[in-house]
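Reading through the structure tokens given below for one structure.
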Amino acid sequence: MNDCFGRQLYSEVGFADNMKVELIPLEILLPHEEIIPNKVDQLEKMTIRWNAYVLPLVVDKVTGTILDGHHRYNVAKNLDLQCLPCVLVDYLSDDSIELDVWPKSGRETLSKDEVIQAGLSGILLPPKTSRHRLPDHLPPISIPLSRLMFPAMS
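Just so you know, we're using the working numbering here: the sequence shown kicks off at 255 and counts up by one.
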């Protein structure tokens, strides 16, 4: 199924409309946190073994800021993928998306505006600073790596 822009949707029966998975070009995604290189290495090995992405990233649909999935994004860069499965959300307007800080992050608080600013400015927060909670579970997916090697709108 395609959306009105011709992008392929990978929605699952029983998941809310706001949990549609779309293939988004890698170059428009903006990280807001640094990553843990060891975790990227481990996840890359698992992704190659699965030969698929099994969990979408969560991305702000206005700015392209990655809210959840920084390590998956870096795996995609390492594998030279063209696009990634993402759930797009209206981060600043959707009060059902909760933001916390991880224990041991060194921060007491963090605002949604600070998250977006980190993405837009490229001045990244330390790894595992922000913790986002969505009102619904992310849909299960299995999108082959071979599909992600091609542009999103094909």
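Ideal Cβ placement from N, Cα and C applies to all residues, glycine included.
Uninterrupted beta strand (DSSP E) stretches at least 3 residues long and entirely within the segment 306 to 358 occur at 311 to 314, 320 to 322, 337 to 343, 352 to 355, given in chain order.
Excluding sequence positions up to five before and after L342, its CB lies within less than 7 angstroms of the CB of E276, V313, K315, all in the same chain and listed in chain order. Annotated three-state conformation of E362 is coil, per DSSP. A Cβ-Cβ distance of about 6 angstroms is found for the pair L280 and L335, placing them in contact under the 8 angstroms criterion. The Cβ atoms of I302 and L333 sit closer than 9 angstroms to each other. Per the coordinates, the alpha-carbon of N292 lies some 31 angstroms from the alpha-carbon of D344. If you look at P291, you'll find it isn't in any beta strand (DSSP E); it sits in the alpha helix (DSSP H) that goes 291 to 304. Non-local C-beta neighbours of P285 in its own chain, meaning closer than 7 angstroms and more than five positions away in sequence, comprise I320, H324, Y327, G373, L378, ordered along the chain. Shortest Cα-Cα distance from L399 to any of I290, Q296, V308 involves V308. Shown here for P380: same chain residues with a beta carbon closer than 8 angstroms to its own, the five before and five after excluded, namely E287, E288, S359, G360 in chain order. In the same chain as A306, and ignoring 5 residues on each side of it, the C-beta atoms closer than 7 angstroms to its own belong to S396, I397, P398, L399, in chain order.
When secondary structure is reduced to three states using DSSP, L388 falls in the coil class, being assigned neither helix nor strand.
Considering only V329, G318, I278, L311, the residue with the shortest C-alpha distance to Q296 is V329.
In the DSSP assignment, V369 forms no beta bridge with any residue.
Under the DSSP assignment, L399 falls in the alpha helix (DSSP H) whose first and last residues are 399 to 402. Classified as buried, T383 has 16 or more neighbouring CB atoms from the shown chains inside 10 Å of its CB.
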